[in-house]
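Here the structure is laid out as structure tokens; the discussion comes afterwards.
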Amino acid sequence: MTDAELRIKSIQYRKKLLTYIKKAGAGHTGGDLSCIDILSVLYNRILNVSPETFGDAGRDRYIQSKGHSVEALYVVLADKGFFPESDLETLCRYQSHYVGHPTRKVRGIEHNTGALGHGLAFSTGVALAGKMDGAAYRVYTLLGDGELAEGSNWESLMAAAHYRLDNLVAIVDRNSLQITGRTEEVCDIEPLESKAAAFGWSVRTVDGHHVAALSEQLQATPFRAGTPSMLIAKTIKGKGVSFMENDPKWHHGVPDDAQYEQAQQELSRLLEKAER
Amino acid sequence: MTFKPGTELGRPNLEVFAETLLSLARADRNVVAVTSASRGSGKLVPYAAAVPEQLVEVGIAEQTLVGVAAGLASAGKTVFAVSPASFLTARALEQIKNDVCYSDQPVTLVGISAGVSYGALGSTHHSTHDLAALRALDNLTIVAPADNHEAAEAVRAAAAAAHPVYLRFGKRPLVHLHEPDAQFEVGKAPVVREGADAAFVATGETVCHALEAANELQKQGLYCRVLSMHTIRPLDAEAVLRAARECRALITVEEHSVHGGLGEACAALLMQAGIYVPFKIVGFPDEYMVTGGQLEIFDHYGISAKGLASTAEALLAGDGG
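Here it is in structure tokens:
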């Protein structure tokens with residue numbers, strides 16, 4: 001898949017996740033839009049996993065620690081054929097498996113998440129098992145930046161470095177916003193790069209909406225042999241829809257009819273531009 | 001020579017756990033113990049020396065202990081996450097809830113030095129809440145073995161289990177309650193002593209005290225039944241209902257708060273079955289807990305031969321214990 005095709009896919013994903021959030025009347029819209037390019041690159045270029053190989057011991061694993069951005073994951077998994085996209089019509093409905101945070105009831109999902117500060121420890125365990133077994137698989141986990149206030153992350157950063165897990169990649173969706181407001185105002189996590197480096201990780205920063213740059217960095221892991229890798233993806237919460245960008249009210253905002261139309265029109269224009 | 005339960009002293013269950021785990025680990029490279037600087041208190045130093053590549057140490061970090069254990073289990077390992085019960089089941093409760101139970105990763109959580117095993121160290125180190133907290137989580141088998149035989153069998157059963165298990169072990173040497181070849185089944189409470197006056201439904205390290213109480217009561221012509229309710233969940237409802245129907249009073253005994261543990265599980269069962277029998281929950285009351293040795297604390301709260309015998313006498317005499 002070319003970079004241009006990948007950019008088109010990411011815009012299509014944006015349109016779809018808004019469609020299902022609108023139908024469900026629920027969703028974490030802002031964070032979905034900030035991490036969708038990361039997921040697009042992972043599932044279309046990086047991860048060695050498919051519906052056919054999902055049960056294989058040697059598959060790459062993706063664990064979404066920031067579970068609330070599940071709509072982004074659902075549309076990508078549907079696109080990759082893990083389940084029919086029509087299943088998403090039931091998003092957040094009574095008795096649907098497509099709930100507001102990932103669960104293993106949905107094919108393609110590795111681990112139940114939603115409470116924050118859990119994915120990194122779990123991923124560390126999966127990566128450790130890979131080292132024990134001499135397996136070639138890699139483990140990727142997506143963390144929110146607000147989520148980094150959870151102390152369990154820092155325990156696990158230490159453990160992963162201690163075990164030299166260079167088969168582990170943590171991607172931080174650094175959109176600088178959380179439910180309450182700006183991350184720097186809620187509880188400052190900077191200097192993140194040097195903090196993680198001090199914990200024994202190899203750290204790089206990338207434009208989290210630039211699919212070529214994201215691909216290049218994710219293909220370059222481990223950044224240093226014998227250390228886990230952290231990729232800080234600088235993103236914009238609500239990216240792609242003008243009035244949603246950088247506004248914390250879209251953390252779990254659902255567009256009304258007019259807003260929805262405007263959002264889809266904006267994305268359609270981006271799509272036309274990308275297709276030219 | 002016939003076996004007389006409760007006469008011969010065995011070893012601490014923790015030692016039996018560690019030995020059994022080592023034998024399992026030697027037979028299967030996929031068996032992994034995860035510790036939080038707890039290998040010493042978990043009696044796992046010989047294990048660490050024998051199979052160092054099958055030990056994962058995460059430091060004093062219980063949340064990561066449980067998360068890592070779940071990750072290892074998801075990748076096919078047979079995982080025992082070992083940490084003092086007090087910290088494991090409180091500090092890492094959310095990891096137990098989400099990463100193990102909700103995600104259905106077949107981790108065995110091993111609460112060591114459980115109950116008031118760390119008696120003199122104070123309430124920070126006591127786990128008198130764990131059964132209550134864990135009983136409210138879906139998808140977790142809870143086992144508190146009463147002697148060395150139950151401990152070894154429980155470890156083997158947990159290793160073979162397809163779903164999460166919590167095991168609870170203390171530090172004191174325990175008397176043998178069962179023949180070495182006695183049948184053990186998770187969810188089935190063995191009758192340690194028959195009787196139809198009062199029934200003691202006891203769990204874990206309190207069972208031997210209930211047995212001793214029953215022996216004392218026999219001297220007064222009272223024949224009391226003793227059940228080792230090693231599995232708190234799923235509860236052996238049939239054994240409890242039978243005891244309540246066949247005996248004149250029922251006393252539950254646990255090294256745990258009187259709230260939310262074995263006693264309340266039995267009470268709920270009996271009430272919903274419409275069985276009303278003189279009933280008493282023996283455990284730790286709502287108060288700033290006394291400290292001292294485990295047996296001193298037991299004695300203080302009536303978990304002793306003397307205390308349990310007088311509770312039974314009072315219940316049978318109709319004054320509510």
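First to last, the sequence lines map onto chains G and V. Read in order, the letters of the first sequence are residues 1 to 276 in this note's numbering. Read in order, the letters of the second sequence are residues 1 to 321 in this note's numbering. For every residue, glycine included, the Cβ atom is placed at its ideal position computed from N, Cα and C.
Should the stretch 187-196 of chain V be regarded as contacting the stretch 211-229 of chain V, the criterion being three or more beta carbon pairs within less than 8 angstroms?
-> yes
Can you list, in chain order, the stretches of the alpha helix (DSSP H) that have 4 or more residues and sit fully within the stretch 205-258 of chain G?
-> 211-219
DSSP beta-bridge partners for lysine 280 of chain V?
-> V:Ile251
Closer than 7 angstroms by beta-carbon distance: list the chain G residues that pair up with aspartate 138 of chain V, in chain order.
-> Ordered by position in chain G, no residue passes the 7 angstroms Cβ test against aspartate 138 of chain V, which lies about 12 angstroms from the chain.
Straight-line gap, histidine 163 of chain V to glutamine 95 of chain V (C-alpha atoms, nearest Å) | 15 angstroms
Histidine 176 of chain V vs asparagine 148 of chain V beta-carbon contact at 8 angstroms | yes
Cysteine 266 of chain V versus valine 226 of chain V: straight-line alpha-carbon distance, rounded = 15 angstroms
Assumed close pair serine 38 of chain V, serine 86 of chain V - CB separation to whole angstroms, cut-off 8 angstroms = Wrong, their Cβ atoms sit about 11 angstroms apart, outside the cutoff.
For tyrosine 223 of chain V, I'd like the list of residues in its chain whose CB is within less than 7 angstroms of its CB, leaving aside the five on either flank, ordered along the chain.
-> Gly195, Ala196, Asp197
Using the rule of at least 16 other Cβ atoms within 10 Å of the residue's Cβ for burial, across every protein chain shown, is leucine 120 of chain G buried or exposed?
-> buried
Just tell me which of V:Lys43, V:Thr64, V:Ala154, V:Ile60 has its CA closest to the CA of serine 113 of chain V.
-> V:Lys43
For the alpha helix (DSSP H) holding isoleucine 112 of chain V, just list the boundary residues, first then last.
-> Segment 108-112 is the beta strand (DSSP E) holding isoleucine 112 of chain V; no alpha helix (DSSP H) there.
Which of helix, strand or coil DSSP assigns to glutamate 94 of chain V = helix
Is it true that the CB of glycine 208 of chain G sits closer than 8 angstroms to the CB of threonine 235 of chain G?
-> yes
Mind checking if aspartate 99 of chain V is an interface residue toward chain G, Cβ cutoff 8 angstroms exclusive?
-> yes
Cβ neighbour criterion (16 or more within 10 Å) applied to cysteine 187 of chain G = exposed
Tell me where the alpha helix (DSSP H) around alanine 196 of chain G begins and ends.
-> 192-198
Is the beta carbon of phenylalanine 169 of chain V less than 8 angstroms from the beta carbon of asparagine 30 of chain V?
-> no
Helix, strand or coil at threonine 141 of chain G [DSSP, three-state] = strand
Leaving out five residues before and five after lysine 97 of chain V in sequence, what residues of the same chain have Cβ atoms less than 6 angstroms from its Cβ?
-> Leu137
Cβ neighbours of alanine 309 of chain V in the same chain (closer than 7 angstroms, five flanking residues each side left out) = Ala213, Glu216, Leu217
Does the stretch 125-138 of chain G come within contact of the stretch 52-64 of chain G, defined as at least 3 CB pairs closer than 8 angstroms?
-> yes
Tell me whether the beta-carbon of glutamine 54 of chain V lies closer than 8 angstroms to the beta-carbon of serine 74 of chain V.
-> no
Fully enclosed by the stretch 40-95 of chain G, which alpha helix (DSSP H) runs are 4 residues long or longer?
-> 70-79
Hey, out of V:Glu254, V:Val253, V:Leu262, V:Glu246, whose CA is closest to proline 234 of chain V's CA?
-> V:Leu262
Go to isoleucine 21 of chain G, then tell me how far its alpha helix (DSSP H) extends in each direction, as first and last residue.
-> 3-24
Simplified DSSP state of glutamate 57 of chain V, which is helix, strand or coil | strand
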